[in-house]
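Throughout, our numbering is defined as the position within the sequence shown, counted from one, plus 30. Beta carbons: idealized from backbone N, C-alpha and C, even for Gly. Below is one structure, written out as structure tokens; comments come after it.
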Amino acid sequence: MATHLVALSFSSNWSSPRICAARNLRSNKTYPRACSTNSQLDQLDKSFINHMENLKKVKSMLSQRNNQLETLITVDSLKRLGIDYHFNEEITAIIDSLHKNLNNISQRGDMFAASLSFRLLREAGYFVPSNMFDRFTDEKGDFKPCLCKDMRGMLSLHDSSYLNTGEDILYKANEFSRKHLKSSIRHLEPNLRTLVRDSLEHPYHMSLPSYKAKQYLSYLERSSQRIGAIEEIAIREFNLNQELHQKELKVLARWWKNFGLVQQLTYARDQLLKWYMWSMTIFQGPQLSEHRILLTKVIAFIYLIDDIFDVIGSPDELRIFTEVINKWENSTPESLPDYMRACYMALFNLTSEIAHLITKEHGLNPINSLKKSWVALCNAFMVEAKWFSAKYVPTTDDYLRNGHGITKETIDLIESNPAVISCTATILRLWDDLGSAKDENQEGFDGSYIECYMKENPHCSTHNAREHVMHLISKKWEELNKEYFTQRTFSPDFIGASLNFTRMVRVMYGYDQQQKLPMLEDYANLLLFAKM
């Protein structure tokens with residue numbers, strides 16, 4: 031559901047500062063000073079001027095291109111720090127030039143240069159063949175052992191190996207680089223050791239860019255090879271984004287408190303920060319602030335309705351509630367419990383608000399698509415509720431197929447190429463089951479793929495079933511990569527949002543033995559509260 035709202039959403043009013051001057055000339059009364067002092071304003075001016083100068087320095091650096099490899103390293107740093115959008119024109123020219131001269135890189139250069147070029151080109155939409163790594167392998171097709179001495183090359187090869195679309199040499203690259211990076215950790219100096227460990231635990235392509243940016247920025251701050259203007263731009267933007275995210279959270283906290291429904295539903299989840307983390311990672315940038323707030327509200331309803339179906343509603347109540355959703359009218363029957371009526375009307379009004387925003391921005395009224403998405407979601411929840419009530423364990427195919435009607439009911443763009451949606455949805459569903467953890471304050475159980483798989487394969491152990499699920503997730507990632515690197519049917523913004531959604535899934539469902547989410551806590555602390 032959230033993914034479809036991302037698709038439909040792509041496609042502030044500035045108020046003048048009040049002048050604080052004495053206007054009543056007849057009064058000698060002294061009023062408290064309400065505006066910034068001149069020194070504070072001067073400081074703001076200096077900060078802005080310094081920022082603009084830094085942008086000019088980096089643009090000049092990119093335009094000179096005296097050394098191709100150093101230029102690519104600069105581009106990579108800008109992308110890793112999430113500030114590359116300032117330099118789109120320059121970076122596009124550099125990557126285009128790199129693609130035109132790809133043969134030179136394929137035939138010359140070390141592992142680091144080859145891996146970096148391969149990754150930057152694939153990320154830009156050029157499907158570079160992975161056979162460019164053949165010259166680093168022996169007659170058996172294995173990577174040459176001597177390469178492991180090049181730590182920079184190993185890190186770059188490891189990053190590139192996750193851009194796999196099902197290629198054998200990239201499987202080998204991943205296995206080779208991980209093995210040697212792990213064995214070398216204890217021999218590295220502390221700062222590089224941290225960088226390698228972060229790369230192994232949170233691979234670049236599989237992790238949230240904002241989280242990796244904070245890690246990389248911390249590495250640069252500890253490094254003797256700091257990069258001046260680039261680092262200053264990144265720190266400034268990180269602090270501004272963090273301040274904006276905190277303001278958005280306050281707006282959402284007031285909305286959630288005034289909504290009040292969760293107080294009536296003691297078994298429902300109350301996890302506003304967790305829900306906001308979804309939106310914060312899907313929609314990035316200050317221009318999408320309103321979108322983040324609305325999407326968080328949508329996600330809150332998804333969790334709330336999920337709880338209603340799993341642990342709160344009776345079978346008869348759920349049937350009537352599903353019928354009401356399918357009719358989608360601006361009223362509710364008296365037969366619905368008060369909490370369901372309140373939930374439905376709030377959902378109806380929120381959906382209308384989202385449709386109005388999209389219509390205003392894009393001239394497209396998506397109300398029918400949004401309505402169909404909610405209908406498909408609730409129908410899928412109802413199917414699972416019936417399965418549970420009848421103690422029926424579906425086949426694995428039926429289990430994964432349930433709910434996929436969402437993607438078939440949306441706008442033509444999604445219908446023309448649904449793999450980006452379906453792969454993301456399947457990864458979400460499988461990670462949810464792999465965590466096999468009931469979220470906090472829940473007593474219900476709605477089945478899992480692992481249970482279905484073990485019923486179909488009665489001699490399979492839980493461990494092997496979980497391994498099978500991880501294999502399915504890897505395969506879906508490869509399908510998603512193929513869409514990302516070869517098709518480019520969707521806009522870069524939509525592709526980026528879909529990837530970030532998928533990256534966030536492991537964070538949201540990576541439960542530990544204590545049923546906690548340590549990775550999510552780390553993400554939240556690092557991105558929302560840790561100061562630079």
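Spatial distance of Lys-209 from Lys-174 (CA atoms): 13 Å
Close beta carbons around Arg-496, own chain, < 7 Å, minus the five adjacent residues each side: Leu-464 and Ile-480
Status (buried if at least 16 other CB within 10 Å, exposed otherwise) for Asn-54: Low confidence applies to Asn-54: its pLDDT is 37, below 50, so where it sits in the model is not reliable, and the reading given next is rough at best. Asn-54 is exposed by the Cβ-count criterion.
Extent of the continuous alpha helix (DSSP H) to which Lys-485 belongs: 479 to 486
DSSP bridge partner residues for Thr-167 (one or two, in chain order): Phe-173
Reduced DSSP secondary structure (H/G/I, E/B, other) of Tyr-541: coil
Expected contact under 8 Å - CB spacing of Ile-457 and Ile-503 to nearest Å: 6 Å
contact_flag[the stretch 224 to 242, the stretch 85 to 96] where n(CB pairs < 8 Å) is 3 or more: no
Cutoff 7 Å: Asn-288 Cβ touching any chain D Cβ: Checking the listed chains, one finds no chain D in this structure; it contains a single protein chain.
Meets three-Cβ-pair contact criterion under 8 Å: the stretch 182 to 189 and the stretch 139 to 146: yes
Spatially closest choice to Lys-304 from Met-562, Tyr-553, Lys-506 and Asp-126, by CA coordinates: Tyr-553
Endpoints, the alpha helix (DSSP H) within which His-321 is located: 319 to 337
Three-state class that DSSP yields for Tyr-297 in the structure shown: coil
Spatial distance of Ala-560 from Met-549 (CA atoms): 15 Å
Pairwise C-alpha distance: Glu-414 and Lys-421: 10 Å
As assigned by DSSP and simplified to three states, the class of Ser-253: coil
Where Thr-195 sits in the DSSP three-state scheme: coil
Helix, strand or coil at Thr-311 [DSSP, three-state]: helix
Unbroken alpha helix (DSSP H) run spanning Arg-349, endpoints: 345 to 357
Counted within 10 angstroms of its Cβ, other Cβ atoms place Pro-363 as buried (16 or more) or exposed: exposed
Alpha-carbon spacing of Thr-381 relative to Ala-243, whole angstroms: 34 Å
Cβ shell of Cys-373 (< 8 Å), same chain only, five flanking positions each side left out: Leu-291, Phe-331, Leu-334, Ile-335 and Ile-338
Sequence-distant residues of the same chain with beta carbon closer than 8 Å to Pro-316, five excluded per side: Leu-270, Asn-271 and Leu-274
Local conformation of Asp-180 per DSSP, three classes: coil
Contact set for Ser-319: own chain, Cβ-Cβ below 7 Å, skip 5 residues either direction: Leu-274 and Glu-278
Leu-502 (DSSP reduced to helix, strand or coil): helix
contact_flag[the stretch 504 to 513, the stretch 192 to 201] where n(CB pairs < 8 Å) is 3 or more: yes
Limits of the alpha helix (DSSP H) - the one that Cys-373 falls within: 368 to 392
Inter-residue spacing [alpha-carbon to alpha-carbon] between Asp-85 and Glu-262: Note on identity: in this sequence residue 85 is Leu, with Asp being the wrong assignment. When rounded, the distance between both Cα atoms is 10 Å.
Residue range of the alpha helix (DSSP H) that includes Pro-220: 220 to 231
Backbone CA spacing between Phe-268 and Gly-183 [nearest angstrom]: 29 Å
Buried versus exposed, by CB contacts within 10 Å (16 or more), His-232: buried
Distance between Tyr-115 and Met-310 (C-alpha atoms, nearest Å): 18 Å
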